Amino acid sequence: LTDNALTKLYDNFQNAVCRTDFGNGRYVRNAIEKAKMSLAARLVDSDYDKLKKKDIVTISEEDIEVDYVNENETRKIGFAY
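The opening position of the sequence shown corresponds to residue 2 in this note's numbering, with each subsequent residue numbered one higher.
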């Protein structure tokens, strides 16, 4: 992770803990998985001959999805209806 990506991820975590349905492990795992998918999608459009190992294994700020908290949104967990 770049420093900016780490900061953006940390900010997302700070916002997420305000939710009543926040679950640390799953949330963190999903955030990292989304970042990895974003990195892969970004690299698809790259010039493969110019890519270095560092480019392939580094998650940057643009790969981190901002997770906005909607205070009016009520989300349900599990099988709740």
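Ideal placement from N, C-alpha and C gives every residue a C-beta, glycine not left out. None of these values were measured; they are calculated from a predicted model.
Item	Value
Simplified DSSP state of Leu10, which is helix, strand or coil	helix
Whether Lys1 touches Glu66 by CB criterion (7 Å)	Residue 1 is absent from the model: the chain starts at 2 and stops at 82.
Three-state secondary structure (DSSP) of Asp1	Since the first residue shown for the chain is 2 and the last is 82, residue 1 is missing from the structure and cannot be characterised.
Three-state secondary structure assigned by DSSP to Asn26	Checking the sequence, you will find Gly at residue 26 rather than Asn. Gly26 falls in the helix class under three-state DSSP.
Backbone CA spacing between Thr1 and Asp50 [nearest angstrom]	Outside the displayed span of the chain (2 to 82) sits residue 1, for which this structure offers no information.
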